[in-house]
Amino acid sequence: MFKSVEDYILYKGREEGRVEGRVEGREETLLRLIEAGLLTGNQSMQAAALLGLNNIPSMLNNKDSRRIYLKK
């Protein structure tokens with residue numbers, strides 16, 4: 029249904045009532061998808077590239093897990 033992770037993020041952002049042009053909304057939606065484990069390994073890596081992150085753990089089970097992300 030979706031050609032890329034970015035298309036899915038935009039869809040989820042619209043579904044949640046976020047403004048399409050807001051970068052913060054897309055980033056928040058993307059982080060939620062990663063933390064919920066709804067992305068495959070390849071999708072997670074694409075998501076990391078979109079966010080400018082270079083470290084996405086394969087398993088996130090701590091609510092405050094965002095502190096382990098590293099900006100490039």
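Sequential numbering of the sequence shown, starting at 29, is according to the working numbering.
Virtual Cβ for every residue (Gly too), placed ideally from N, Cα, C.
Since we're looking at a predicted model, the values are computed, not measured.
Neighbour flag for T68 against chain D, beta carbons, 8 Å: This model lacks chain D altogether; it includes just one protein chain.
Cutoff 7 Å; reference E34; Cβ partners in own chain excluding five residues on either side: Translated into positions along the sequence shown, residue 34 becomes position 6. Taken in chain order, the residues that qualify are L78.
Contacts around Y36, its chain only, beta-carbon distance under 7 Å, and the 5 residues preceding and following it disregarded: Within the sequence shown, the letter at position 8 stands for residue 36. Only F30 meet the Cβ criterion.
Three-state secondary structure (DSSP) of L66: Here residue 66 refers to the residue found at position 38 when the sequence shown is read from its first residue. Note: L66 maps to coil in three-state DSSP.
Cβ separation of L75 and L61, assumed to be a contact under 8 Å, to the nearest whole Å: Here residue 75 is taken as the residue at index 47 of the sequence shown, counted from 1. Here residue 61 is taken as the residue at index 33 of the sequence shown, counted from 1. According to the sequence provided, residue 75 is Ala. The question's Leu does not apply to it. Contact holds; Cβ gap of about 7 Å.
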